[in-house]
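Visitor:
Residue numbers (the working numbering), protein chains in the order written: chain A, 1412 to 2402; chain B, 1412 to 2402.
1. Could you pull the start and end residues of the beta strand (DSSP E) that residue 2154 of chain B belongs to?
2. How is residue 1527 of chain A classed by DSSP in three states: helix, strand or coil?
3. Would you tell me roughly how many angstroms separate the C-alpha atoms of residue 1639 of chain A and residue 1673 of chain A, rounded to the nearest one?
4. Quick check: residue 1757 of chain A and residue 1544 of chain A, are their CB atoms within less than 8 angstroms of each other?
5. So the candidates are A:1456, A:1852, A:2380; which of them puts its Cα closest to the Cα of residue 1595 of chain A?
6. Which of the three DSSP states is assigned to residue 2248 of chain A in this structure?
7. Just the Cα atoms here: how many angstroms apart are residue 2198 of chain B and residue 2173 of chain B?
8. For residue 2003 of chain A, which three-state DSSP category applies?
9. Which one of A:2356, A:2377, A:1956, A:2369 has the shortest CA to CA distance from residue 2339 of chain A?
10. Can you tell me which of B:1929, B:1994, B:1808, B:1967 puts its alpha carbon nearest to the alpha carbon of residue 1477 of chain B?
11. Short check: CB of residue 2154 of chain A to CB of residue 2120 of chain A, under 8 angstroms?
12. Going along the region 1957 to 1977 of chain A in order, which residues come within less than 9 angstroms of chain B, judged by CB to CB distance?
13. Is the beta carbon of residue 1783 of chain A sitting closer than 8 angstroms to the one on residue 1453 of chain A?
14. Just to confirm before moving on: does the CB-CB distance between residue 2183 of chain B and residue 2019 of chain B stay below 8 angstroms?
15. Once you ignore the five residues that flank residue 2158 of chain A on each side, which residues in its own chain have a CB closer than 7 angstroms to its CB?
16. Quick one: measure Cβ to Cβ for residue 1505 of chain A and residue 1776 of chain A, integer angstroms, because I've assumed they're closer than 8 angstroms.
17. Would you call residue 1830 of chain A buried or exposed, if buried means 16 or more other Cβ atoms sit within 10 Å of its Cβ?
18. Please report the straight-line C-alpha distance between residue 1579 of chain B and residue 1647 of chain B, rounded to a whole angstrom.
19. To which residues of the same chain is residue 1458 of chain B closer than 6 angstroms at the C-beta, ignoring the five residues directly before and after it?
20. Taking just the CA atoms, how far does residue 1597 of chain B sit from residue 1910 of chain B?
21. Report the CB separation of residue 1471 of chain A from residue 1823 of chain A in whole angstroms; it is logged as a contact under 8 angstroms.
22. What residue range is occupied by the uninterrupted alpha helix (DSSP H) comprising residue 1967 of chain A?
23. On the DSSP letters alone, give me the boundaries of the beta strand (DSSP E) that residue 2121 of chain A sits inside.
24. Check residue 1498 of chain A in the structure and name its three-state DSSP category.
25. Kindly list, in the order they appear in chain A, the residues whose Cβ is closer than 9 angstroms to that of residue 1868 of chain B.
26. For residue 2359 of chain B, which of helix, strand or coil comes out of DSSP?
27. For residue 2236 of chain B, tell me which candidate among B:2226, B:2220, B:2229 has the shortest Cα-Cα distance.
28. When the distance is taken between beta carbons, is residue 1495 of chain B closer than 8 angstroms to residue 1953 of chain B?
29. When the Cα atoms are used, what is the spatial distance from residue 1499 of chain B to residue 1524 of chain B?
30. Here's the rule: buried if 16 or more other CB atoms are within 10 angstroms of the residue's CB, otherwise exposed. What is residue 1788 of chain B?
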């Protein structure tokens, strides 16, 4: 009596819908109070959803083909897969208030919209194909067992019997689908009202099987089968299973004989040879439980068209004529273990039915796990026992006979049932029709729910419904997709398809559970305690394995579809208020990568610029020089790290809002300039302090900047306030102290935007001091970007009058070749007064005895180091510029050797250079003017000039001179990039 | 003549070794000057390494089995795979100075030691099994074609003929391996000297095939085969291919007849029935190029034991007797397309031979790509043409006859060759022996090189060698592993094994190239320009596909082995100065994850504490309270973000070293306390400024802290200097301004270490103000850690005298149930004087009409909000504490409804509370004393007491009172954790 209340809109979209409208309309009470118990609310719906058409139409055939043991294995695999999924699902469903409605809501709310959408659509497609499968099953029952005479297409030839049947299925299936769609469209109410009837049909059918099996111990049902030799005959076109019949004491050829012989006379010359040489026997089709046939029965995978044979029956193996082939029962398709797995799996799906109705449950957190798991146990038990009973009661050839041709076209499982085969035929027909209707009701609602979530824009139209909320368009789409399934026409072909989609969905349920457990999200606190990530992982692996076992190409297609939906949703950038569990994964990934990066400083060959761009903001919090960002984005060509930092003068307690606003402004500008990176605005009492802090503390773990990009303090000469250039020099000092490289683009407003393209021209490097290779690497990096791609690189180096400039040029060219950089090398001779030069040179050449192939290159660098003295006024500065450590690629010895060579040089310098500060200043200015002259002369038409930036004076009194020196050095050049190395090698000839 | 200089130590360990010793001993000149050209240095070695035993022993059989078209496909797949790999390899090899020596050095230097080690060992195993394969091939030639009479084991029964052969192979193979090992051990020099001889053998053999094919146009060689019906007879035990022979005009039964008949008399009754019913015919085995048999020939995959049949020959299909089975030529194993791929692939390996000797090349960067690619083109061409020639010249049954039984046990390819089959038999024997010797020379050297790199500790012993540098132990291990291959005894079984290892290695070469290209490492600048990441990716996919095609279980085993080696090296923590390309991957991953995380603030359900721990250092730069770190590690149970920050007072320009030192000290302490996270030390002029900066700028992108953990300023009352507690209060203010949560563990020294375990006890939460759930979540998080696991959570809440405390308790219990937290709920009634209380309560109850199921919970929180007034002296403070935004899970409407409810409350407060500051102070102290009394009373034995931390006064004058208030509140409690929410919800009832 309680069953009358039982309804079943599967996939629970209904509840969700109700919940939606409830909340939307302001909480005025629920339509139905949540008062369902475990039995009515979870157990029975699950049971009905799990049992399906496969049990009635295919399980006997599976047992016959695979044998009892392997069938057991198939059932075990499928059921343990769903059981593990149910455990994961229980954990998810009991983790707080569950959004009503199935896998889609569970996954989308716990793993985020991307996974949710992919899984939801998989589930939708699975349900839709399930509808097609149920309809095909119903039509198969109708045409094969209920009213075979209704078939429109009749086989004209024995070879096309299969094709005719398929066409019948297509026609009737389409009609049936149309009818069902109309029913669903007109009255979902009625569908729900009949739910309990459909459930009753299933239960009655199953009970009748058990009853039949029990009865078969004492009175096996009478289903004889007719064998010719060891071959099974299709018992439909003859009446008596004998070669001759005795009528009125006269021996006449039987109908059977007439089928096999072309003439009616007694001689066997016109008969099929196999018919002649073998005897006709009649054996019992259902020997019954007591017969013990289970002991002798093993499965037999048949090829398409292979005739069903009973192994131990005596036969003479002669080729018969082809014409008589149609008289035997033969396999309609090739079978294999993996194929059977795919066909059976739909019998194990449907486990979500309970969790879909969480809204209606009194105590969802208890009912869902208990009900679902009990339902799976029940159904598994039924399957296992059915496998054994079928194997124990029914003769092998009958089992393998998919359409019951050998038993006068009875449903095979029907032959076993009690009191009559019709119980099962009619029961299974109605339950199948019911399941089809329910799938057809559930699928559009699920689609509507997904569409309403608006994560997949092109589905939006399916979110609308009729006035009564009926999803008209969604129903139409569902019917169209189901029609595709029906056009396939074969139950055995459709079943693996829906298996795929359901497995995909279960896979993600398991994944969601495993991921959340492993990530230890604080919010992951399921009431259901008997889960474990290993179980979920096992479940996930089983789903994956089953997918690939049952059909690897379907599996790949299904995964491809899911992947495409995922990417599409990601691309559409669904911003949902649900939050996603994947965030934890990103967090873990980021943390892991950062910790991994932190392990040590990168090897020279992995060096890449990680840039901290110091931006100035104007009073309205706008970026003052947006070209700084363009330059940064051109420099790194989209890869590596960029942090954009800025300082706001003020008190943090008051300026939080201002800081947020500027951060937003910078982020907007970064988006415009296509800089992918991070933004960091700090509030500090003094700007220079803020910058010092940014330089110290930007970045995290291994993701720290190694290069600072800073603007030039334009108009420092005019400014009354010395703070502007004091801040500049202080920043230069800070970068030096922090061992960072520094780049100062001068006249940054003239720098090209990201959309300009230089069609020709040069990037000129004035390589005066060896700075670890920064100057060499930068043009290469810039040339990766479209703006600079067509520019050519030139390297200028400065020689003294008596240097062997030809040899120097050759050495440098070799060095560049080994660096795999394409550049012209140019030598410029500058005459400078310098007293110790010759002495120094001599000293340098002493150390050349220790050279070797690699050291040759070092020499080149050392010959350049000589120029450094021009650039710094104190010997320590020189030391700063010489790279501290050059990492070699393969042996320590080489490194040591090189170090030895290098360490000599600075000592020499220390002895040699002892210039007084004032002297130095004068000479430095002189140098700057001379150099500037040469640079302007040679590089006036260059697109960009790269210059070494000398270190600031140690003594703050020299600051103004220093600024002046830089101005003089760069005068008359359009775009200059001053570069100061960070004291470590950034480029290497080694791979 | 130039060929005399040709040597070939494959896998180039030799060069590497030389380079090693050279650099190690101080650069005194090279043993051989690098002067080899493309031909001698790359092309010929590659050619010799690629051509191999499979060409001579198996290619005919492959063509026979798979047919010309499919064989073409097999060759195409293998060759295009190696061609793509060669392109990737060329790019890697021309990216700067190449470390001499093969895949191992290329991969380990570009992808890092983990990948390098895994690939190196794969390559080593591949080479070792190649040695085994060559030896098996040599023995097969020896025993089958050269001296068949040398076989020790003779088949006693026709069914064990295969077994006997395998045993012969095992015995002779082991002997041969021993001999070769001795040769290698004694004199590598001689092996090298004969390299040109071996190469000549290969070339002569191949030329003889072409010559033979050309000759076959006019004079096909005479190799008749004898057919019985359509079955091929093994022509070894009879002489004449006829049923009878006519000798001296007498017709006698032939030897053949005697084989098939048990008696010699003429009647056929004792003869094999198949023999009786079919005719004996003799057909031409090598019809020659002009015969056009290529048109009619398709392959035929045979089952094991299937007799080779010629399709169009007339035959009567009768079962013959089993005894005569051995007289036919039958397949010795089952074949399939995929199997043949695995067997053929070793013919395409060997492409690394050129790059191995980069040290000897005049211009490695040009020679390697050109030579390698030309060699692959040449060999591919030979393979393709051979496939066609074999198919065009040789009869199908002969092709399918693996051991040439049908052609009197001649080598099948030998039958085609000109001038004599012996050319190929002897040529292939020597070339195979040579290849075996070379593999046996190369493999130990490679192992030695890997061992010397010392990335795999247990291999260390193999790094040592004899006095002359010969790797004795490595040779021994190699011989042992090769012996394993020989015990397998079948060429067809060993070939797929080595295919796996080589494919694995090629896969990684392609991967290395693709990864470096995609990551745009600045150092990735190959001179060889014709690479593309898509090609490398395709190559990688092909390698993977070939692995799984040829044998999916071997593939899994090989990948398992490689994975294990990878993990082992990673576990051993190889610190190499090479740097790894994977670093770029980590960087990209980190950047991607961080950018992804940045997208928006996390949803409540993804909230997890991301902690910034502010540490104090003492004068010696030691961590003052290490228990702060223990607490942090217990809190997050290993997941989430932890940043440990500290401030050093000083000037950054001077204190860089000090900052580094303290960072190291903190990192050490973090390691001890097992805190996985990051460390950030800043130098600032004032500590409070430094802290403010840390709070502002720690973290990166989405990985920012949301919670600050700070110590209590112990002894602030005693201290003369008010800065200590001023800094404390300032930090509290900063966290509030930055909307961060704050935790202050008081008496942190009493907190448990990570190794203590509380066996019982309680964590008590005094839930006075609703703080977004922090207080609820923290005990749950702590309980995840072993230290606190056994503690129970109790929640105390404070009610007024006339509150309905029973209802409140019940509501709270429901709330906790829905939060899925297990806790006891306790109510405490505190009597407080408060004039507006009753009025307020009335106001509160008015708003209850708007409630619903969800709002019920909100009510509970509001009933708690009443207490807030006790906690703050200004109404704005109250507002700060009320969570700004509660994110609901599924609809906006609900959110709005809740907001509506909430927004009413503060207004009420604003009207109601109008207490004067001084009044407030007195009352606050009173409250504190009262509360403290209750707390100490109830929680004196708790393991930890969690308390809301009130906000600091807005007016700095009240600072001292505030500190006093906190002291009073927490007096007499052992471990207190003061908690202040960050103004946003951190826990939710929704899943």
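Every residue, glycine too, gets a C-beta built ideally from N, C-alpha and C. Owing to the predicted nature of the structure, the values given are computational and were not obtained by experimental measurement.
Guide: In short, the structure shows the following:
1. Where residue 2154 of chain B is concerned, the enclosing beta strand (DSSP E) stretches over 2152 to 2157.
2. If DSSP states are grouped into helix, strand and coil, residue 1527 of chain A belongs with the helices.
3. Roughly 17 angstroms separates the two Cα atoms.
4. Yes, these two residues count as a Cβ contact at 8 angstroms.
5. If you compare the alpha carbons of A:1456, A:1852, A:2380 with that of residue 1595 of chain A, the shortest gap goes to A:1852.
6. In this prediction, residue 2248 of chain A scores a pLDDT of 43, lower than 50, which makes its location untrustworthy; the coordinate-derived value is nonetheless stated afterwards. For residue 2248 of chain A, the secondary structure class from DSSP, reduced to helix, strand or coil, is helix.
7. Answer to the nearest angstrom: the Cα atoms are 12 angstroms apart.
8. Three-state result, residue 2003 of chain A: helix.
9. Measuring from the Cα of residue 2339 of chain A, the nearest candidate turns out to be A:2377.
10. Ranked by Cα distance from residue 1477 of chain B, the first of B:1929, B:1994, B:1808, B:1967 is B:1808.
11. With respect to residue 2120 of chain A, residue 2154 of chain A sits close: the two C-beta atoms are nearer than 8 angstroms.
12. Per Cβ criterion, the list is empty.
13. Yes, the Cβ-Cβ distance between residue 1783 of chain A and residue 1453 of chain A is below 8 angstroms.
14. No.
15. Within the same chain, and ignoring the five residues on either side of residue 2158 of chain A in sequence, the residues whose Cβ sits closer than 7 angstroms to its Cβ are 2385, 2386, 2387.
16. At roughly 4 angstroms, the Cβ-Cβ gap stays under 8 angstroms, so residue 1505 of chain A and residue 1776 of chain A are in contact.
17. Burial call: exposed.
18. Going from the Cα of residue 1579 of chain B to the Cα of residue 1647 of chain B covers about 19 angstroms.
19. Only residues of its own chain outside the window of five on either side were considered, and among them 1786 have a CB closer than 6 angstroms to the CB of residue 1458 of chain B, listed in chain order.
20. Cα-Cα distance, rounded: 30 angstroms.
21. The Cβ separation is near 4 angstroms, so the contact holds.
22. Under the DSSP assignment, residue 1967 of chain A falls in the alpha helix (DSSP H) whose first and last residues are 1963 to 1983.
23. Where residue 2121 of chain A is concerned, the enclosing beta strand (DSSP E) starts and stops at 2118 to 2121.
24. In this structure, residue 1498 of chain A counts as helix in the three-state DSSP scheme.
25. In chain order: nothing, as chain A lies at least about 18 angstroms away.
26. In this structure, residue 2359 of chain B counts as strand in the three-state DSSP scheme.
27. When each option's Cα is compared against that of residue 2236 of chain B, the closest is B:2220.
28. With contacts defined by Cβ atoms closer than 8 angstroms, residue 1953 of chain B and residue 1495 of chain B form a contacting pair.
29. Linking residue 1499 of chain B to residue 1524 of chain B through their CA atoms gives a straight-line distance of about 19 angstroms.
30. Classification of residue 1788 of chain B: exposed, given that the 10 Å Cβ count is below 16.
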